[in-house]
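Novice: Per my numbering, the very first residue in the sequence shown carries number 567; after that it's consecutive.
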Amino acid sequence: MALELKQQLKLTQQLVMTPQLQQAIKLLQLSRLELVETVRQEMESNPVLEEETFEIAEGEDSTAKEKPEKETNQPLEEVVMKEEPPEDFDWESYIEEYSTGSPAIVENEYFKELPPLENRLVKKASLDSHLMWQLRLSNFTEEERNIGAIIIGNLNSDGYLKASVEEIAEMAESDVETVEKVLERIQEFDPVGVAARDLKECLLIQARKLDPPNELVVEIITNHLHDLENKNYY
């Protein structure tokens with residue numbers, strides 16, 4: 567019996583369980599009382615959380631109750647649809663294909679010439695390329711754009727700037743004032759707070775972009791960030 571090598575293209579879907587999705591699944595499994603207790607515990611352990619209440623208008627509630635009644639008034643005969651198999655369907659091939667547990671291999675020259683699937687997947691843009699894209703679209707002078715590129719090139723993997731403005735000014739053959747002006751604009755790029763020197767500066771940049779502004783948040787970050795890190799809420 568001769569051996570024959572074949573290539574088979576197989577597409578798979580994978581669900582990525584993000585922390586937000588995991589939390590949502592966990593909350594959906596709780597009863598009403600358990601959900602209320604969980605929310606209460608979270609609010610006690612995290613003073614930043616605030617409770618909001620929503621009121622449902624009477625008109626909306628009554629409309630929601632009336633709608634199912636209208637739908638159920640239809641005779642049962644009207645919603646029952648007769649299903650008939652297509653006349654020209656090849657049932658023998660269908661049964662043979664799925665009895666083996668896997669679909670038949672499609673022999674096609676087009677698929678044989680395709681590159682491997684991993685080479686055709688769209689790669690997620692890196693932080694550097696995402697920032698450079700925004701830099702090119704921004705209204706900068708040639709000197710400022712050069713400074714911005716140097717700033718982006720000196721970010722670590724977490725997005726923090728590890729070079730001082732003096733070092734960047736020397737590399738760009740510019741002055742510190744211009745570097746600081748460009749840096750402030752880059753820190754407002756997406757994600758907001760990128761190119762900050764530390765966590766405190768990053769949070770302050772994000773807090774000042776809140777709409778509406780919240781001076782209490784700015785005050786807490788400025789003077790009590792250490793207490794928050796140690797969960798010293800009192």
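Ideal Cβ placement from N, Cα and C applies to all residues, glycine included.
What is the residue span of the alpha helix (DSSP H) that residue 612 lies within?
Specialist: Premise fails: residue 612 is in no alpha helix (DSSP H) and is neither H nor E.
Novice: Quick one: what's got a C-beta closer than 6 Å to residue 772's C-beta in the same chain, skipping five residues either side?
Specialist: So the list reads 758 and 759, once near-sequence residues are dropped.
Novice: Suppose you measure from the CA of residue 704 to the CA of residue 755; what does that come to, to the nearest Å?
Specialist: So the two alpha carbons sit approximately 10 Å from each other.
Novice: In whole angstroms, give me the CA-to-CA distance for residue 788 and residue 601.
Specialist: So the alpha carbons of these two residues sit roughly 34 Å apart.
Novice: If contact is defined by three or more beta carbon pairs under 8 Å, each pair taking one atom from either stretch, is the region 769-783 in contact with the region 719-739?
Specialist: They do not touch, by the three-pair rule.
Novice: Could you tell me which of 725, 606 and 750 sits nearest to residue 694, measuring between CA atoms?
Specialist: Taking only the C-alpha atoms, the option nearest residue 694 is 725.
Novice: Measure from the alpha carbon of residue 765 to the alpha carbon of each residue in 794, 591 and 739, then state which is nearest.
Specialist: The option with the nearest alpha carbon to residue 765 is 794.
Novice: Which residue's Cα is closest to the Cα of residue 698: 740, 594, 776 and 761?
Specialist: Residue 761 is the option with its Cα nearest to residue 698.
Novice: The alpha helix (DSSP H) spanning residue 733 covers which residue range?
Specialist: From DSSP, the alpha helix (DSSP H) with residue 733 extends over 731-738.
Novice: What residue range does the alpha helix (DSSP H) around residue 694 cover?
Specialist: Taken as a continuous stretch (DSSP letters only), the alpha helix (DSSP H) holding residue 694 covers 693-703.
Novice: Within 10 angstroms of the Cβ of residue 607, are there 16 or more other Cβ atoms? Answer buried if so, exposed if not.
Specialist: The residue is exposed, with fewer than 16 neighbouring Cβ atoms inside 10 Å.
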